[in-house]
Structures are given as structure tokens and as C-alpha cells.
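Here is the structure we will look at, set down as C-alpha cells.
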């Protein structure tokens, strides 16, 4: 057996090393010294950083300190390998008791540029405050900037003083570092704090800004990410019903659908940090969105199939489901889309703005499950029957959180057969017969029988309700 090993990889590595060597010489030249001891110190540090082995670096003399000073302001690739801790800073102070202006300024720049990658900003901040005081460079209240909550302080002070953020950055002489992590994070916090003041339930540019992954995942303070704070503000300020799409989209873009198991990473990162009331509120929004997506799938089918009966029935089915939601009878929903409907939703919505939904593996019918204030309802697209249950056993797939792939039968007839074994069979099920509001009347009677407070006027349009009364009286 013959193997052929291309030498292109080796040639590429040689080119990379040549480039790194050029950078090393360039940085050494900028250091302003040709001292062999410095060059040896720099070469040692450069090689460790290039191999991401900074933990092997130790400071023995002033040349090591100078080499580290240069590295702290080098390119981002080298800086990213540096990890400053209290032990290293104490060693710098031990080697240079009277301090080093170069190291202090380099560390200050590093603190502002690489803030997000620093393990403990307070350690570096404390050291910088002491050194800057000793050198007469310390500004009043600078200790509030040079710490882990510095970005939050800067942002909140701008709001308190009613100063625009850019001016506040200049006031603290941080404008030279505007592209660094510190100022960027502070600006993100500034945006979040402004969420308290934007018009409730109306579109606003800030909503898109705070829902960006880079912003939402940035640190706000010692315990929260910016996304956590933004979620609490938006959810608490938004209405329980009829939330504006822009507010709903911002929440879902940050944290995703809360209807997931507690073991899910999304729950651990986001929803576990919020209250149950906040989570339930968003679940209520998403029940409305589930209904919207289900009805869109139903409407798309009726139009694309040119099914005249379906097209005639669509408005009444839409009004019935939306009326139930508006009446507060729907507590929670779970959506199962056909593969065709799944494609339709993916084509017409941004992935970060849609809730979690499951897939019906066979056929082209979609299903929506609704937990009611009392009982349960399962409704399907096309000519599916509508199913009502007083109770469902915990083994029913529809009551479980998380995405699923189910066959149509397991959600309809098959589910009823399984529930029968546990004494939880369907209370009633029937087709949507349009004759004289037959299916609406029967649904209302069943809902009232299982303890759901609903009236015909809740689920029928005004014109349909007037006709309904002529058949059945006020109901």
C-alpha cells in the first residue's frame, strides 16, 4: 500500500513561522532597545504566547517586565494568550519596587481593550489604582471604573447625568479605547438601561441592539449578563396579551422559547435566572404565536390546495381559536407542524423569532395542543377531528416540553387509545361540520361541561353570533 503525503502543509507552517519571526523582530524594534537581555526575555515570552503557554511564563527581572509590557499592546492574537493574575502583578512590584510607567500604561490599555477576556478585573483594577495614585495619574472615583463593574458604572453615570454616552467616554478620557471591550460593553449596558424609558410595546431600534448575541452575552455585573437584565425589563414592561411583535422577537432572540426541560442549556442559562411569573408571561405570548403559525399553515394549505370547503371554514376556525385565547381559556400550547408547514415557516420567518415546535412525521396535517383552564384540546388542520379531554396522563407526548417528532395517529386516535389505558380517554371528539354552527355549538357545550368558562360570543364573529342566536338563543 502506498501513501502520498503532501508537503504543502509543511511549507505553509514555514511561512507562518517566518511571519511570526518578522512580527517578533518588528515588536522588538519598537521596544526601543537592542539589549541582548531584553531580546532574550522577549524571545522567551513570544514563543510561549505563540504556543498559548503563558502559564509557563515567570518574571525574573526588569527585562521580563518590559517584554510583558510590549506583549500587552501587541496584536490581538498575542494578547489573547495573556492571563494576568494577582501573583504575577505582585512579582512585577517585587522586581520593580519603584514601578514601571511602561508596564502600568500597557496594563491600563490591556484592561480596557481585553476586558471581556480578563478572569478577575478587580485584581488588575486594584493594582492599577495603587500604581496610578503613586504616580500622580489617578483621577477622582477612578476605582469605580477600574473594576469588574466599571462598564456598568460608566453607563449608569451617563444616564444619571443625562449626558450622551460618547461625551461621557470623553469625560473619562477613554475615547482612545472606544473600540475596546470595556467601552463596547459599557455602551451595551447603556442601551439596556435605556429600555426602561422607551415607549411600551412599540418598535424601537434599541430592541434589535440588545437582542444581538454579542450584546446579550456580555457581562452586566458579577451575577448577570446584559441579556438577563434586558429580559427582565422587557418582560415586566410588556403587556400580558397582544404584545408587539418587536418586543416578543427581542425576548425570543435573546433567550429562545422557555418551554423546554430544566435540563436544557437554554433554561440553565436564561430562564432559570428569571421568575416563574416572567416565564409564564412569555409562554402566554408564545401560545398566541403558536396559534398564529398553526392558522397560517392552515390558511396556506386551504389556498394552495384550492379546497373551497377549507377556505370557507378557515375564518370561523381562526375566530374560534383566537377567541378562546383572548378569553383566557388557553394556558399553554404545543405546536406540531407538518413537514410542508415547517418549510413554509422557515421560509417566512427568521429562525431566532420563531418558537420551538415539533414535527408531524407523516402526511401534510398539522396539530396544535392546548392546555385549558380545565381540560385539554387537540385541534388539527385540514379535515381533522377536534378532541377534548378532561385529563391527560403524564405519558402523553403533548404535555412534555421539548421538540418532538410524532406520527399523526399518535396525536389523535392513537393518543386516545393510550389514554384509555389510564382512564383518561377523550371526553368527546368530532369533525368540523359547518351546518348551522354545529361544531362550534358542540365545542362550546363540551368546554362548559369540562369546566371551561366560555360563551358563544367569545368565539364567534359579531355577524356569526347574531345568526347563532337565531338558531340557539343566547349562549
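Residue numbers (the UniProt record's numbering): 1 to 475. Think of the CB as a built atom: it goes at the ideal place given N, C-alpha and C, for glycine as much as any other residue.
Closest residue to residue i among the options (Cα-Cα distance)
i	options	result
residue 348	276, 417, 292	292
residue 416	407, 426, 422	426
residue 160	76, 190, 458	190
residue 359	316, 411, 332	411
residue 39	52, 70, 50, 56	70
residue 205	219, 217, 188	188
residue 378	385, 186, 369	369
residue 210	194, 174, 223	194
residue 118	260, 72, 131	72
residue 298	321, 436, 286, 203	321
residue 86	169, 94, 172	94
residue 440	323, 113, 423	323
residue 215	168, 253, 247, 237	253
residue 423	445, 390, 408	390
residue 260	162, 286, 418	286
residue 300	316, 262, 309, 341	341
residue 418	436, 212, 435, 392	392
Cβ neighbours of residue i in the same chain (closer than 6 Å, five flanking residues each side left out)
i	result
residue 149	221
residue 125	146, 147
residue 380	365, 367
residue 29	Note that residue 29 scores 47 on pLDDT, short of 50, meaning its location in the model is unreliable; the coordinates nonetheless yield the value given after this. None.
residue 228	273
residue 386	379
residue 256	266
residue 403	356, 358
residue 433	439
residue 311	302
Neighbourhood of residue i by C-beta distance below 7 Å, restricted to the same chain and skipping five residues each side
i	result
residue 240	281, 284
residue 383	431
residue 48	54, 56, 57
residue 442	430
residue 446	388, 427, 428
residue 313	432, 434
Extent of the continuous alpha helix (DSSP H) to which residue i belongs
i	result
residue 430	Note, residue 430: premise wrong, no alpha helix (DSSP H); beta strand (DSSP E) at 428 to 430.
residue 457	456 to 459
residue 482	Limits of the chain in this structure are 1 at one end and 475 at the other, which puts residue 482 out of reach.
residue 278	276 to 304
residue 129	121 to 134
residue 401	Looking at the DSSP string, residue 401 is not in any alpha helix (DSSP H), and its letter there is neither H nor E.
residue 197	Looking at the DSSP string, residue 197 is not in any alpha helix (DSSP H), and its letter there is neither H nor E.
residue 265	265 to 269
residue 462	462 to 472
residue 168	165 to 171
residue 41	36 to 50
residue 478	Look at the range of the chain in this structure, 1 to 475, and you will see that residue 478 is not part of it.
residue 66	62 to 72
residue 319	308 to 326
residue 157	150 to 160
residue 252	245 to 255
residue 177	Unbroken run through residue 177: none, as it is neither H nor E.
residue 77	76 to 79
residue 409	408 to 411
residue 111	101 to 113
residue 96	Element bounds for residue 96: n/a, residue is neither H nor E.
residue 392	Element bounds for residue 392: n/a, residue is neither H nor E.
Same chain only: Cβ atoms within 8 Å of residue i, ignoring 5 sequence neighbours per side
i	result
residue 164	158
residue 406	336, 358, 359, 360, 361, 397
residue 101	135
residue 59	65, 68, 88, 91, 92, 95
residue 37	61, 63
residue 32	Here the model assigns residue 32 a pLDDT of 47, short of 50, so the residue's position is not dependable, and the following value carries that caveat. Closer than 8 Å at Cβ, skipping near neighbours: no residue.
residue 144	150, 153
residue 181	112, 113, 114, 115, 116, 117
residue 171	163
Proximity test, Cβ basis, 9 Å: residue i and chain B
i	result
residue 337	Among the chains in the structure shown there is no chain B, since it carries only a single protein chain.
One or two residues paired with residue i in a DSSP bridge
i	result
residue 370	333, 377
residue 219	225
residue 338	360
The ligand GDP heavy atom lying under 8 Å from the CB of residue i
i	result
residue 269	The ligand GDP is not part of the structure shown, which contains no ligands of any sort.
Range covered by the beta strand (DSSP E) that runs through residue i
i	result
residue 388	386 to 389
residue 358	358 to 360
Cβ distance (whole Å) where residue i is taken to contact residue j below 8 Å
i	j	result
residue 243	residue 217	Actually they are not in contact, since the Cβ atoms of residue 243 and residue 217 sit about 24 Å apart, beyond 8 Å.
residue 179	residue 154	In fact, because the Cβ distance is near 15 Å, the residues do not count as touching under 8 Å.
residue 331	residue 373	6 Å
residue 192	residue 226	5 Å
residue 128	residue 103	In fact, because the Cβ distance is near 10 Å, the residues do not count as touching under 8 Å.
residue 319	residue 461	5 Å
residue 451	residue 363	That pair is no contact at about 33 Å.
residue 207	residue 271	Contact doesn't hold; Cβ gap of about 19 Å is too wide.
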